[in-house]
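Participant:
2 protein chains.
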Amino acid sequence: MKPYHWLILLLSVALIIVSVRLVYVLSEKENASDGTDSEAALECIMTRASVRDYLDKAVPDTIIEKILRAGMAAPTARNRQPWEFIVITDQTLKDSISDSFEYATMVGKSAFDVVVCGNRDLWGDNDTHEVGNWVLDCSAATENMLLAAHALGLGGVWCGVYPNPERISKLSGLMRLPENLVPLNIVSFGYPAAEVTPKQKWDPAKVRYNPGQD
Amino acid sequence: MKPYHWLILLLSVALIIVSVRLVYVLSEKENASDGTDSEAALECIMTRASVRDYLDKAVPDTIIEKILRAGMAAPTARNRQPWEFIVITDQTLKDSISDSFEYATMVGKSAFDVVVCGNRDLWGDNDTHEVGNWVLDCSAATENMLLAAHALGLGGVWCGVYPNPERISKLSGLMRLPENLVPLNIVSFGYPAAEVTPKQKWDPAKVRYNPGQD
Numbered sequence: 037m038k039p040y041h042w043l044i045l046l047l048s049v050a051l052i053i054v055s056v057r058l059v060y061v062l063s064e065k066e067n068a069s070d071g072t073d074s075e076a077a078l079e080c081i082m083t084r085a086s087v088r089d090y091l092d093k094a095v096p097d098t099i100i101e102k103i104l105r106a107g108m109a110a111p112t113a114r115n116r117q118p119w120e121f122i123v124i125t126d127q128t129l130k131d132s133i134s135d136s137f138e139y140a141t142m143v144g145k146s147a148f149d150v151v152v153c154g155n156r157d158l159w160g161d162n163d164t165h166e167v168g169n170w171v172l173d174c175s176a177a178t179e180n181m182l183l184a185a186h187a188l189g190l191g192g193v194w195c196g197v198y199p200n201p202e203r204i205s206k207l208s209g210l211m212r213l214p215e216n217l218v219p220l221n222i223v224s225f226g227y228p229a230a231e232v233t234p235k236q237k238w239d240p241a242k243v244r245y246n247p248g249q250d
Numbered sequence: 037m038k039p040y041h042w043l044i045l046l047l048s049v050a051l052i053i054v055s056v057r058l059v060y061v062l063s064e065k066e067n068a069s070d071g072t073d074s075e076a077a078l079e080c081i082m083t084r085a086s087v088r089d090y091l092d093k094a095v096p097d098t099i100i101e102k103i104l105r106a107g108m109a110a111p112t113a114r115n116r117q118p119w120e121f122i123v124i125t126d127q128t129l130k131d132s133i134s135d136s137f138e139y140a141t142m143v144g145k146s147a148f149d150v151v152v153c154g155n156r157d158l159w160g161d162n163d164t165h166e167v168g169n170w171v172l173d174c175s176a177a178t179e180n181m182l183l184a185a186h187a188l189g190l191g192g193v194w195c196g197v198y199p200n201p202e203r204i205s206k207l208s209g210l211m212r213l214p215e216n217l218v219p220l221n222i223v224s225f226g227y228p229a230a231e232v233t234p235k236q237k238w239d240p241a242k243v244r245y246n247p248g249q250d
């Protein structure tokens, strides 16, 4: 064999090896999409933790809207979507909430807050006990927002207002809420100042199977 | 140039093209991990829909546990975790629930169901209005389970029980629940029989900004 034969052989072998590797990587990428997606969504749920300290860093409006959209994607009884979300970015308002609620001082330092409200006009029929569903629906929406924030690299914390009548009337007054809105909570959001470890809450003793079947 | 010169040139060019493509794909794969993860978790929230028709296909215990773990990862007021999850797989019990609740006939055909209960022993102090928090906490846990199921390729639907007193007492009797447990809902799960399109619920008119600041 002449030298250029060796060169052609070498180049051909290299081309085959690199091509095979490329096909392998591409097919792996394709296959990973399902598994990785379900893992990523589960991991988001399992690694969420309440974040109370934030960096002094603004959150873009596009990110805020993503979080609000996640909230409104929650399921609601009879599809009533009985909510209204109040976004707070004004520092004066944030400070007055922080000063008035000793358990919610993080509102003063957060990037933005969402007060999740039930809207009485959308609560449904009192006779069929539908009215109480707004609390369930708005709680599911709140959890969606906390998860979306975590997915986007932010953190948040749920500061309870309802069902404490004092907190409800104080916050309603402070924000001059119309009569038809009842605040469920104040949810603070921002980029976490430090990594927060999620609590280990799994407790198999809190699971029962097929009761009453003896 | 002789013919073999052309061959060497052609092979060299092909090798360079394939190598560049490989490096590009590999670096893309590396960079994608962050972006893709947050997209996957958000997409899980945005594409979840209530699933009422299921395939006749069992769900492995490992998958059921993943869903229950997601439920217990929800935030709770003062970290009370005031819940208990009742898993129903027994067909006789499923049929009697399905027969007794005309709005929950999917229980008879689902792979399994979870009755999310509040545990009065863990509700906290009545004087500080803590008692009402179990509804919020258990609703957040329910949403986590619905999202986890969707991430795992299953579907589910939240059938309301609380705060309807008739439904509460009927279900408590049927399942012979102890006095300290109050059922919030029956959540049915299974592999979806058909693709379900999520409702479009985003409504910017339900968002307000910085109220009371004029």
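From first to last, the protein sequence lines are chains A and B.
Take the first sequence: its position 198, counting from 1, is numbered 234 in the numbering used here, and each next residue is one higher.
Take the second sequence: its position 95, counting from 1, is numbered 131 in the numbering used here, and each next residue is one higher.
Think of the CB as a built atom: it goes at the ideal place given N, C-alpha and C, for glycine as much as any other residue.
Values in this document were obtained by computation on a predicted structure and should not be read as measured data.
1) Check residue 154 of chain A in the structure and name its three-state DSSP category.
2) Is the region 189-203 of chain B in contact with the region 141-155 of chain A, if contact means three or more CB pairs nearer than 8 Å?
3) With a Cβ-Cβ cutoff of 7 Å, do residue 140 of chain A and residue 222 of chain A count as a contact?
4) If distances are taken between C-alpha atoms only, which option among A/123, A/163, A/130 and A/56 comes closest to residue 263 of chain A?
5) Please say whether residue 230 of chain A and residue 103 of chain A have beta carbons closer to each other than 7 Å?
6) Terminal residues of the continuous beta strand (DSSP E) containing residue 199 of chain A?
7) In chain order, which continuous runs of the alpha helix (DSSP H) of length 4 or greater are located wholly inside the region 75-122 of chain A?
8) Of all the CB atoms in chain A, is at least one closer than 7 Å to the CB of residue 43 of chain B?
9) Just by C-beta distance, which residues in the region 122-136 of chain A are closer than 8 Å to chain B?
10) Strictly below 9 Å CB to CB, what residues from chain B border residue 234 of chain A?
11) For residue 180 of chain A and residue 112 of chain A, I'd like the C-alpha separation in whole angstroms.
12) Give the range of the beta strand (DSSP E) segment to which residue 221 of chain B is assigned.
13) Shortest alpha-carbon distance to residue 90 of chain B belongs to which of B/248, B/187, B/48 and B/232?
14) What do you reckon, are the CB atoms on residue 106 of chain A and residue 234 of chain A nearer than 7 Å?
15) Using 8 Å as the Cβ pair cut-off and three pairs as the minimum, do the region 240-249 of chain B and the region 123-132 of chain A touch?
16) Could one say the Cβ of residue 138 of chain B lies closer than 7 Å to chain A's Cβ atoms, at least one of them?
17) Going along chain A, which residues have a C-beta under 9 Å from residue 239 of chain B?
18) With 7 Å set as the bound, which would you pick, yes or no: does the beta-carbon of residue 149 of chain A sit closer than that to a beta-carbon of chain B?
19) Quickly, what does DSSP pair residue 148 of chain A with across the bridge? List them, please.
20) Taking only three categories from DSSP, how would you classify residue 160 of chain B?
21) Could you pull the start and end residues of the beta strand (DSSP E) that residue 243 of chain B belongs to?
22) Could you check where the alpha helix (DSSP H) with residue 177 of chain A kicks off and where it finishes?
23) Counting beta carbon pairs with one atom in the region 195-204 of chain B and one in the region 165-173 of chain A, are three or more of them shorter than 8 Å?
24) Could you compute how far the alpha carbon of residue 57 of chain A sits from the alpha carbon of residue 63 of chain B?
25) Using only the alpha-carbon positions, how far apart do residue 69 of chain A and residue 59 of chain A sit?
26) For chain B, find out if any of its Cβ atoms is closer than 7 Å to the Cβ of residue 40 of chain A; answer yes or no.
27) Helix, strand or coil for residue 248 of chain A? Go by DSSP, reduced to three states.
28) Output, in chain order, the set of chain A residues within a Cβ distance shorter than 8 Å of residue 169 of chain B.
29) Please list, in chain order, the chain A residues whose beta carbon lies closer than 9 Å to that of residue 245 of chain B.
30) Residue 61 of chain B CB to nearest chain A CB: under 7 Å?
31) Grouping DSSP H, G and I as helix and E and B as strand, with all else coil, what is residue 193 of chain A?
32) By how many angstroms is the C-alpha of residue 48 of chain A removed from the C-alpha of residue 47 of chain B?
33) DSSP beta-bridge partners for residue 124 of chain A?
34) Roughly how many whole angstroms lie between the Cα atoms of residue 131 of chain A and residue 143 of chain A?
35) Inspect the beta-carbon positions of residue 172 of chain A and residue 175 of chain B and report whether they are closer than 7 Å.
36) Going by beta-carbon coordinates alone, are residue 145 of chain A and residue 227 of chain A separated by less than 7 Å?
Facilitator: Once the coordinates are examined:
1) Look at residue 154 of chain A here: in three-state DSSP terms it is strand.
2) Cβ pair count under 8 Å is below three, so no.
3) Taking 7 Å as the Cβ cut-off, residue 140 of chain A and residue 222 of chain A qualify as a contacting pair.
4) The question about residue 263 of chain A has no answer here: the residues shown for chain A are numbered 37 through 250.
5) Against a cut-off of 7 Å, the Cβ pair of residue 230 of chain A and residue 103 of chain A comes out as no contact.
6) Run containing residue 199 of chain A: none; DSSP gives neither H nor E here.
7) Entirely contained in the region 75-122 of chain A, the alpha helix (DSSP H) runs reaching 4 residues are, in chain order, 97-108.
8) Chain A, which has a Cβ nearer than 7 Å to the Cβ of residue 43 of chain B, makes this yes.
9) So the list reads 122, 123, 124, 125, 126, 128 and 129, given in the order they occur along the chain.
10) Under the 9 Å cutoff, chain B gives 109.
11) Put simply, the backbone Cα of residue 180 of chain A is about 13 Å away from that of residue 112 of chain A.
12) Element bounds for residue 221 of chain B: 217-226.
13) Closest in C-alpha terms to residue 90 of chain B, from the list B/248, B/187, B/48 and B/232, comes B/232.
14) Contact: no.
15) Counting C-beta pairs closer than 8 Å gives three or more between the region 240-249 of chain B and the region 123-132 of chain A, which meets the contact rule.
16) Not closer than 7 Å to any Cβ of chain A, the Cβ of residue 138 of chain B fails to qualify, so no.
17) Listed along chain A, the residues sitting closer than 9 Å to residue 239 of chain B by beta-carbon distance are 108 and 117.
18) Under the Cβ distance rule, residue 149 of chain A does not count among the residues neighbouring chain B, no pair being separated by less than 7 Å.
19) Note: residue 148 of chain A is bridge-paired with A/225 in the DSSP secondary-structure output.
20) Residue 160 of chain B: coil per DSSP, three-state reduction.
21) First-last of the beta strand (DSSP E) with residue 243 of chain B: 243-245.
22) Looking at the DSSP string, the run of the alpha helix (DSSP H) that includes residue 177 of chain A is 169-187.
23) Contact holds: three or more Cβ-Cβ distances are below 8 Å.
24) Annotation: residue 57 of chain A to residue 63 of chain B spans about 14 Å, alpha carbon to alpha carbon.
25) The pLDDT assigned to residue 69 of chain A is 46, lower than 50, so where the model puts this residue is not dependable; a value taken from the coordinates is nonetheless given after this. Distance between the alpha carbons of residue 69 of chain A and residue 59 of chain A is about 16 Å.
26) So yes, residue 40 of chain A belongs to the interface.
27) In this structure, residue 248 of chain A counts as coil in the three-state DSSP scheme.
28) 196 and 199, listed in chain order.
29) Those within 9 Å of residue 245 of chain B in chain A are 122, 123, 124, 125 and 126.
30) So yes, residue 61 of chain B belongs to the interface.
31) Reduced to three states, the DSSP call for residue 193 of chain A is strand.
32) Using only the alpha carbons, I get a separation of about 7 Å.
33) Per the DSSP secondary-structure output, residue 124 of chain A pairs in a beta bridge with A/149.
34) Their Cα atoms are separated by approximately 7 Å.
35) The Cβ atoms of residue 172 of chain A and residue 175 of chain B lie closer than 7 Å to each other.
36) Between residue 145 of chain A and residue 227 of chain A, the CB-CB gap reaches or exceeds 7 Å.
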